[in-house]
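In what follows, a single structure is set out as structure tokens and then discussed.
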Amino acid sequence: MRLAVGLFLSWMLLTLFSNASLAGVVERRKDQFGRDFAYYIYPIIGEIPGMGKATGLGVSVSNMGDGDTDVTGYYVRGDIKATGLALLDYHILPQRLIFDVGYNDYRIVTTTYGVGANSDPANVIYPKVEGRYLLGQLTLTFDERRYEMFARMLNGRNRLIEVLDKDKQAFPGLDTSWKSGIYYSVGGSLDLTDDRLDPRKGARFEFSSRLPHSTRADESEYYVNDYNLTGYVPMRKWDTLVFNLFYSRAHVTRQGTTDYATLQQQQGLNCNQYPAGPERNTCLSAEATLLAGKLENNQYGTATALGGTQRLRSYDNWRFYAGQALFYGTEYRWNLTDERTPFNIYLAKGIRTGIQLAAFWERGMVANEFGQLFKNKHESYGVGARLILSGVIIRFDLAKGDEGTQSQLFITYPWSMFSVDNPG
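In structure tokens:
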């Protein structure tokens with residue numbers, strides 16, 4: 030099976046990129062270093078599956094100073110409490126070396142499931158976490174951003190406020206101290222499409238490696254390699270048929286504690302504080318869910334998870350996770366318009382370049398061993414609508430899967446390698 034998948038990946042890569050080469054390098058539809066000044070002051074009414082809903086305000090200023098440098102910020106409150114500010118596409122060397130930096134703080138309650146593809150959707154816990162991080166990235170780019178390499182650093186701290194069981198009851202006696210860390214990633218992309226923001230033909234291959242990091246002797250140390258291949262096939266006059274293939278794998282360089290009793294003593298929920306009976310049983314069940322994930326992580330590492338705003342959109346954020354993840358999907362994008370329409374409505378000024386509808390189907394799987402990946406698959410399908418502005422894509426998707434229906438209002442196209450709800 031590993032050989033068959035390897036051959037398929039090689040065939041898909043060769044087909045997409047040889048077609049692009051035979052036709053010559055795909056010409057860009059427009060300048061990849063935008064010059065159209067725009068600003069937006071907009072309400073935020075959003076939802077991230079598995080985290081909840083939030084409302085607030087966002088401000089974005091694009092293509093400042095006759096260049097493509099952007100500043101954007103947001104403030105939201107609700108189930109998700111978060112604030113962020115970012116400086117994007119600041120050119121240290123014009124059209125060659127680009128710097129991005131952003132700050133985010135948050136307080137969220139996440140829905141945490143058991144590890145693996147067969148985890149019980151009813152067996153969940155709700156860790157309440159607060160934290161903040163500063164993220165910086167340097168990108169070296171060539172040939173209208175067709176070829177890029179990047180180095181990224183995330184410096185952050187967080188703490189566990191409390192853990193709720195499935196009935197939303199809190200467990201007392203947890204370690205709520207702040208924990209800090211610095212995380213590094215490197216990667217690159219080969220982008221043979223007609224536009225980075227809104228591609229309609231060509232192919233794009235992206236690679237990212239999150240380097241090993243561990244601050245505790247009982248936790249594993251591992252790196253995660255992500256591979257993302259997307260093909261864009263023009264249809265009719267303006268439409269696009271999109272294919273995506275994503276693979277993520279964790280490689281453990283040092284195992285952490287793999288003995289359950291030891292880990293229970295070090296990171297458990299202190300269930301012995303309850304007398305024998307229903308309360309202790311509930312605590313032990315929640316503790317087993319928490320520690321099972323830590324044990325699997327210590328033995329195999331944790332690859333990029335599936336579920337949420339990017340892949341398997343009908344499931345909660347980080348719904349399925351294990352040492353490896355494989356995903357593929359297709360999406361048809363109906364571009365209702367192909368335009369450059371300036372607008373200035375007091376709180377927003379820019380250029381609208383398109384209105385789009387979409388229909389999609391996705392399939393994903395996770396396992397600790399490659400040979401086990403194909404034994405359990407999960408699917409999502411649905412429809413969406415997008416508003417494409419100068420420098421921004423606003424996306425609404427409605428997706429259905431085995432565990433119900435999810436709606437989400439988010440920015441950027443799906444199948445991204447980086448998003449604000451999953452930085453790394």
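Take the sequence shown: its position 13, counted from the start at 1, is 42 in this note's numbering, and no numbers get skipped. Here a beta-carbon is modelled for each residue, glycine too, at the ideal position from N, C-alpha and C. If you're wondering where the values come from, they're calculated on a predicted model, not measured in any experiment.
Original post:
Just the Cα atoms here: how many angstroms apart are Thr101 and Leu114?
Top reply: Straight-line Cα distance between these residues: approximately 6 Å.
Subject >> Cβ-based burial, Glu368 [other Cβ within 10 Å; buried from 16] >> reply: Under this definition Glu368 is an exposed residue.
**OP:** Compute the Euclidean distance between the alpha carbons of Ile211 and Val253, then round it to the nearest angstrom.
**Re:** When rounded, the distance between both Cα atoms is 15 Å.
**OP:** Using three-state DSSP, classify Thr311 as helix, strand or coil.
**Re:** Thr311: helix per DSSP, three-state reduction.
Subject >> Nonlocal neighbours in the same chain, by C-beta distance under 7 Å from Ala52, ignoring five residues either side >> reply: Only weak support is given to the placement of Ala52: the predicted model assigns it a pLDDT of 45, under 50, and the value that follows is read from those uncertain coordinates. Nothing meets the Cβ criterion.
Subject >> N- and C-terminal bounds of the beta strand (DSSP E) containing Tyr252 >> reply: Counted as a single uninterrupted DSSP element, the beta strand (DSSP E) harbouring Tyr252 occupies residues 250-264.
Original post:
Are the beta-carbon atoms belonging to Tyr68 and Val54 less than 7 Å from one another?
Top reply: Contact flag unset, no.
Original post:
Within this structure, are the beta carbons of Lys110 and Val138 separated by less than 7 Å?
Top reply: It is not a contact, given that the beta carbons lie outside the stated cut-off.
Original post:
Do you know how far the Cα of Glu360 is from the Cα of Tyr272?
Top reply: The sequence given here has Phe at residue 272, not Tyr. Counting only the Cα atoms, Glu360 lies some 7 Å from Phe272.
Original post:
What does a CB cutoff of less than 6 Å around Glu177 pick up in its chain, not counting 5 residues either side in sequence?
Top reply: Cβ neighbours of Glu177 beyond the five flanking positions: Thr168, Thr170, Gly217, Ser218.
**OP:** Flag this pair as touching only if the region 328-339 and the region 305-317 have three or more C-beta atom pairs under 8 Å; answer yes or no.
**Re:** Of all C-beta pairs linking the region 328-339 to the region 305-317, fewer than three are shorter than 8 Å, placing the two stretches out of contact.
Original post:
How many Å lie between Gly79 and Asn133 at the Cα?
Top reply: Distance between the alpha carbons of Gly79 and Asn133 is about 19 Å.
Subject >> Cβ separation of Val262 and Gly330, assumed to be a contact under 8 Å, to the nearest whole Å >> reply: That belief does not hold up - the Cβ atoms of Val262 and Gly330 are roughly 35 Å apart, past 8 Å.
Original post:
Where does Gln291 fall in DSSP's three states?
Top reply: According to the sequence shown, residue 291 is Thr rather than Gln. If DSSP states are grouped into helix, strand and coil, Thr291 belongs with the helices.
Subject >> Simplified DSSP state of Asn59, which is helix, strand or coil >> reply: Just to set this straight, residue 59 is Lys in the shown sequence, not Asn. In the structure shown, Lys59 falls within a coil segment according to DSSP collapsed to helix, strand and coil.
**OP:** May I ask you to list the residues that DSSP assigns as paired with Glu325?
**Re:** In DSSP, Glu325 forms no bridge with anything.
Original post:
Less than 7 Å separating the beta-carbons of Lys406 and Arg392?
Top reply: Yes, the Cβ-Cβ distance between Lys406 and Arg392 is below 7 Å.
**OP:** Note down the Cα distance separating Gln296 from Tyr289, rounded to an integer number of angstroms.
**Re:** Roughly 10 Å separates the two Cα atoms.
Original post:
For Ala387 versus Gly413, is the C-beta spacing smaller than 7 Å?
Top reply: A contact, by the Cβ cut-off of 7 Å.
Original post:
How should Phe37 be labelled, buried or exposed, when 16 other C-beta atoms within 10 angstroms of its C-beta is the threshold for buried?
Top reply: Confidence at Phe37 is low in this model, with a pLDDT of 49, below 50, so its placement is unreliable and no value can be given for it.
Original post:
With a cut-off of 8 Å, do at least 3 Cβ pairs link the region 139-151 to the region 121-131?
Top reply: As far as the Cβ criterion goes, the region 139-151 does not touch the region 121-131, which means the pair count is below three.
Subject >> Endpoints, the beta strand (DSSP E) within which His242 is located >> reply: For His242, there is no enclosing beta strand (DSSP E), since its DSSP letter is neither H nor E.
Subject >> Candidates Ala396, Asp426, Pro371, of which the one nearest Phe383 by Cα >> reply: Position check: residue 383 holds Gly in this sequence, whereas Phe was assumed. For the residues Ala396, Asp426, Pro371, the minimum Cα distance to Gly383 belongs to Pro371.
Original post:
In the structure shown, what three-state DSSP assignment does Thr318 receive?
Top reply: Residue state, collapsed to three classes: helix.
**OP:** For Ser238, I'd like the list of residues in its chain whose CB is within less than 8 Å of its CB, leaving aside the five on either flank, ordered along the chain.
**Re:** By the criterion of a C-beta distance shorter than 8 Å, Ser238 is surrounded in its chain by Ser214, Val215, Gly216, Tyr252, Val253, Asn254, Asp255, once the five residues flanking it on both sides are discounted.
Subject >> Among Pro241, Thr205, Phe128, Leu270, the one whose alpha carbon lies nearest that of Lys230 >> reply: The candidate whose alpha carbon is nearest that of Lys230 is Leu270.
Original post:
Which residues in the same chain have their Cβ closer than 6 Å to the Cβ of Leu258, if we skip the five residues on either side of it in sequence?
Top reply: Taken in chain order, the residues that qualify are Phe234, Leu274.
Original post:
What did DSSP end up calling Leu438 once you bin it into helix, strand or coil?
Top reply: DSSP, read as helix, strand or coil, puts Leu438 in strand.
Original post:
How many angstroms separate the CA atom of Gly430 from the CA atom of Arg342?
Top reply: Whole-angstrom Cα-Cα distance: 8 Å.
Original post:
What does DSSP give as the partner residues of Gly433 in its beta bridges?
Top reply: According to DSSP, which records beta bridges pairwise, Gly433 is partnered with Gly430.
Original post:
Which value, in whole angstroms, describes the spacing of the CA atoms of Asn184 and Thr366?
Top reply: If you take the alpha carbons of Asn184 and Thr366, they lie about 42 Å apart.
**OP:** Enumerate in chain order the residues of its own chain whose CB-to-CB distance from Gly87 is below 6 Å, with the five nearest sequence positions on each side excluded.
**Re:** Here the set comprises Tyr71, Ile73, Tyr103.
Original post:
For Gly63, which residues from the same chain have a beta carbon less than 8 Å from its beta carbon, with the 5 sequence-adjacent residues on both sides left out?
Top reply: Around Gly63, the same chain offers Ser91, Asn92, Asp97, Ser419, Gly420 as residues with beta carbons nearer than 8 Å, after the five sequence neighbours per side are excluded.
**OP:** Taking Phe389 and Tyr357 to be in contact with their CB atoms under 8 Å, please state how far apart those CB atoms are, rounded to whole angstroms.
**Re:** That belief does not hold up - the Cβ atoms of Phe389 and Tyr357 are roughly 12 Å apart, past 8 Å.
Subject >> Rounded separation between Val192 and Gly107 - CA only >> reply: Each residue's alpha carbon lies about 19 Å from the other.
**OP:** Determine the direct distance from the alpha carbon of Trp267 to that of Gly35, and round the result to whole angstroms.
**Re:** The predicted position of Gly35 is uncertain, since its pLDDT is 48 and thus under 50; a value taken from the coordinates is nonetheless stated next. Each residue's alpha carbon lies about 33 Å from the other.
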